[in-house]
Structures are given as C-alpha cells and as structure tokens.
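The next block holds one structure in the form of structure tokens; read it before the comments.
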Amino acid sequence: MKSQKPKKLWGGRFTAPTDELVEEFTASINFDQRLYAEDIAGSVAHARMLGSQKIISVSDADILIAGLQQIKEEIEAGEFAFSVALEDIHMNIESRLSEVVGPEIAGRLHTGRSRNDQVALDLRLFLRHQLSRVMSLVLKLTEVLVDRSAGNLNVIMPGFTHLQQAQPVLFSHHLMAYVEMLKRDYERLADCHDRLSLSPLGSGALAGSSFPLDRQMVADELGFSGITANSLDAVSDRDGVAEALFDFSLLMVHLSRFCEELVLWSSVQFNFITLSDSFCTGSSIMPQKKNPDVPELIRGKSGRVVGSLVSLLITMKSLPLAYNKDMQEDKEPLFDALDTVVGSLRIMTTMIRELKINSDSMAEQAGAGFSTATELADYLVRKGLPFRLSHEIVGKTVSFCEQNDLLFTDLTMDQWQQFSPLFHEDLFTVLLPQDSVDAKDLFGGTALVRVLDQIKLTRQFIADRSK
Ligand code: ARG
88 MKSQKPKKLW GGRFTAPTDE LVEEFTASIN FDQRLYAEDI AGSVAHARML
138 GSQKIISVSD ADILIAGLQQ IKEEIEAGEF AFSVALEDIH MNIESRLSEV
188 VGPEIAGRLH TGRSRNDQVA LDLRLFLRHQ LSRVMSLVLK LTEVLVDRSA
238 GNLNVIMPGF THLQQAQPVL FSHHLMAYVE MLKRDYERLA DCHDRLSLSP
288 LGSGALAGSS FPLDRQMVAD ELGFSGITAN SLDAVSDRDG VAEALFDFSL
338 LMVHLSRFCE ELVLWSSVQF NFITLSDSFC TGSSIMPQKK NPDVPELIRG
388 KSGRVVGSLV SLLITMKSLP LAYNKDMQED KEPLFDALDT VVGSLRIMTT
438 MIRELKINSD SMAEQAGAGF STATELADYL VRKGLPFRLS HEIVGKTVSF
488 CEQNDLLFTD LTMDQWQQFS PLFHEDLFTV LLPQDSVDAK DLFGGTALVR
538 VLDQIKLTRQ FIADRSK
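Residues in the sequence shown are numbered from 88 upward in steps of one, following our numbering.
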C-alpha cells in the first residue's frame, strides 16, 4: 500500500523520515482499526475528565468530544482514510482530530496519557463487549441443546467408552453432557469478563501520571468498577487476552468433540442422525456423497483457536516490563479466534436445531453388544454374590453367547441357571436397554427423572443469565 506522508505525532526528535518498509512493518492500522469505537470512547472519557479536573478548559474538552464524535461517524460511514504512515488506530484518530478541531486543541487530548495505557484500555473495553457477545451465543446454543433433549426424551442410544459400546443411555443425557461443558464455558467467560473490570487509564507510559487525573471518573464513565493498582502492570498486562483465548480454546475443544460425534453419527455405519442437506456438501466425483463439512470444519477450526492462544502466550513469555512492541502481536490472534468462535457457535446452533434424530437406529444399536451385561452382574450382586464373582459369571455367559451366535434374550432359563443358580425369571426385568437406563436413577445418571432434573436446572441457569 502506498502511504501518504502525514506528520508523525512523535516526530520531534527525528531528523530522517521513517523508511517505508519500516512503516509497513510496524503498522497495526490494518487490523487495530477494529478498536476504533473503544479508542474513541476512551478518548471522550479522558477529554471530559481533563476538563472537569481543569487540566484543560471545559470548552476545549467539549470541542475535542464533538470532534471525536464526528470522526466516529466518518469511520462508520466508510469515509475515513486510514493511513499506514500513521501506524495505528490511536494516531490515525488523533491526526484526523487535528484536522477537524485544529492542532492547538487536538494537541491537548493526549495530556497525561500514553498509547500504552490507551491501548490497554481499548483492549479491555473491546474484550468486555465481545465476551458478553460470545456468552449470549453460548447461552443460545445451550438453549437449543436443552430443547432438543426435552423433545427426544424417549430415545435410547448406546453409550461408549473406548468407542466400544458400553451401556445404554438416553440420547438426551448425552446431549446434556455437552450442556454441562457449555455452562462451564459460560461461567469461565463471565469470570474473565469480571476480571477485566478495572480501568488502566492514568498509568501513562509506565510510571503513572503527574497530572491530577481523576482515574475513577474515567472508569465510571466507561462502565468499569474500579482502577488498576500498578501502572507498570497495567500497561504490560495482557492476561485478559490470554484468558479469553484459553476460554475460547476450551470452548472450541468442546465443540470439536461434539462435531467429531456428529461426523461419526451421520455415517452409514452409525446412522444415529441425519444432518440437514443445507449443512452438507457433495463430492465432485462420487455422486452418492453427502459430506458433513460443517462439523468437520468446526473441528478443524478448533486447532486454529488453540494456535492463537499459544501464539499469544509465546509472545508474552519472557517480556521484560513494561510495554514492548511485541505486544502489538496480541491483536490478530485475538480477533481471529473471536471471529472463529462466533462463527462456529452460530452455525452449530442452527445445525443442532435442524438435526434429524434416527431413534430406531439408535435403539437397535443400544441393544447390541451385550450392553446390559453390567446390569446382569449387578443383578447377581443383589442376590448376594460379590461383584468380582458376578462379573466373572456374566463374562462367561457373554462368551458362550458369542460362540453360539446368541443374544442374552435367546437364552432359556435352564441355560441361564447353568451359569448361576441365582438366575431366575426376574432377570428379564434387567435385560433390556430401557431397564438399564431406568435403573440409573442416582443424581447425575441417565434415568429419565434425572435427565428431567438437569433440563429443569439448566432452564433456570439460562433464565437467570438472560436478564
Ligand atoms: N499499536 C500499539 C500496540 O498495539 C499501541 C501502543 C504503542 N505504544 C508504543 N509505545 N509504541 O501495541
């Protein structure tokens, strides 16, 4: 990009112009223009406070504020010419302010402030806003999952460990497992949001300020609950970015696990679900193909978000106090991860809403693979046998059935009793997948009553947080 040659706001001590390659290399305007609204809000609050503290005149403060509002409108109307030569969003705005209100008044805005506390403030404001946005998307997805759980309470599926059929569970119980993950994700994001509730403005470049700034007034105007306690820390702290990126990463890891299951479940082999046609694509060579691209891509994009987290952590690692230019590298991973998370949550919500559930196929497979063997072992325990012994007996029964190509339900009472005289007619009440599910009625288990409890609690969780 060819840059015009605006005056550098820091040019006083320089005699040679900045090399064009250096300008391009050091500029962040191409990505940090995304912080324009936060930057202007911060400057407006700062200007108002400077006026109220009589550090500048109230009329100058009013002129600055009006100028900043005008610039905001210009940016939103797409009329603002961002310049690489002006490096970043802070200097692009201030330089334009100089044109709008004149250099004399514009030059007073930066009193008692540095770009270091300015960018720290912008990031905090941005994160607080965006975290709330992601939180509401998490709640929406949670709500859709709860609705799908409540609407399919009679569907039984095989539960797995090691991807081998283990014990039957309610499909709703399986969905509600993801709901628990999302609830924790929500709370983590809320914690992160709360920890970002202090304003860093007034920290200056690193040492604080010698002007009688009213830091709390700025904090109040911007919706913070207090002010940061150490100027060196405040300008070099990117914990909020790191925490947000971790929270996004874990959220994406959860979505990736779910998506992996959707990919498996939509295969011919499983046939547990059918993804809506609008969420799949075909193959350019194999006419029969319907590929689960959306869950595959969410799964793939989770790696990208984890990459952003790692990138930020490595950038921050070993940085001496206080501000270092390295920290400008915090923004692109944050923006990229944020956009990926928002896109993934949105599409996931619609995909789950439109998912077709193949309950017959799930039920059929829930009964396969001797999935109620544990119930039989428990049955013998209730008749007095130690569990290890009952496990052994049922294991032998399974082996016999496998060798003779039989199911539990094919065995006669005589055959059962050859394995243990403790087997009686009442064993038929524990043999079916439904029996196994009904029996798991301890809190947190898969029995219908327990799943209904969780649905109710989660609806309350959502209601409490939707206010
Ligand atoms: N664009 C810079 C960043 O994002 C703003 C802070 C610049 N401060 C400085 N002393 N160069 O980190």
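Idealized CB from N, CA, C, for every residue including glycine.
In this structure, does DSSP put residue i in helix, strand or coil?
i      : result
Met88  : A caution first: Met88 carries a pLDDT of 40, below 50, which makes its placement in the model unreliable, though a value can still be read off. Correct three-state label for Met88: coil.
Gly98  : helix
Thr545 : helix
Gln140 : coil
Ile176 : helix
Gly189 : coil
Arg508 : Correcting the residue type first, residue 508 is Pro in the shown sequence and not Arg. In this structure, Pro508 counts as coil in the three-state DSSP scheme.
Pro520 : helix
Leu476 : helix
Met438 : helix
Lys527 : coil
Lys227 : helix
Lys443 : strand
Within 10 angstroms of its Cβ, does residue i collect 16 or more other Cβ (buried), or is it exposed?
i      : result
Ala294 : exposed
Ile372 : exposed
Phe580 : Summary: the structure shown does not reach residue 580, with the chain confined to residues 88 through 554, and so no result is reported for it.
Trp352 : buried
Met88  : Low local confidence applies: a pLDDT of 40 at Met88 is under 50, so the model's placement there is unreliable, and no value is given.
Glu230 : buried
Phe474 : exposed
His261 : buried
Lys94  : exposed
Met339 : buried
Glu125 : buried
Taking 8 angstroms as the threshold (beta carbon to beta carbon), is residue i in contact with chain B?
i      : result
Leu498 : This model lacks chain B altogether, as it is built from one protein chain only.
So residue i and residue j are in contact, right, with Cβ under 8 angstroms, and what is the actual spacing, rounded?
i      : j      : result
Thr198 : Ile158 : Rounded, the Cβ-Cβ distance is 19 angstroms, inconsistent with contact.
Leu309 : Ala132 : 5 angstroms
Thr427 : Lys227 : Rounded, the Cβ-Cβ distance is 17 angstroms, inconsistent with contact.
Gly154 : Val145 : Actually they do not touch by this definition, with Cβ atoms about 15 angstroms apart.
Pro520 : Ile243 : 5 angstroms
So is the beta-carbon of residue i under 7 angstroms away from any non-hydrogen atom of ligand 1?
i      : result
Arg100 : no
Tyr123 : no
Val265 : Strictly speaking, residue 265 in this sequence is Tyr, with Val absent from that position. False, no ligand heavy atom lies under 7 angstroms from that Cβ.
Gln415 : yes
Lys412 : yes
Asp423 : no
Asn179 : no
Asp324 : no
Asn203 : yes
Ser296 : no
Val206 : yes
Asp126 : no
Asp278 : no
Ser115 : yes
Please go through the region 273–324 and give each complete alpha helix (DSSP H) segment of 4 or more residues, from N-terminal end onward. Secondary structure in the region 273–324: the alpha helix (DSSP H) runs of 4 residues or longer, each lying completely within the stretch, are 302–308, 318–323 in chain order.
Entirely within the region 352–436 and at least 4 residues each: give me those alpha helix (DSSP H) ranges in chain order. Listed in chain order, they are 380–403.
So within the region 231–258, which uninterrupted beta strand (DSSP E) runs reach at least 3 residues, ignoring any that extend past its ends? Fully enclosed beta strand (DSSP E) runs of 3 or longer: 243–248, 251–257.
Give the list of continuous alpha helix (DSSP H) stretches no shorter than 4 residues that lie fully inside the region 97–126. Counting whole runs of 4 or more residues, the region 97–126 contains the alpha helix (DSSP H) stretches 107–113, 116–119.
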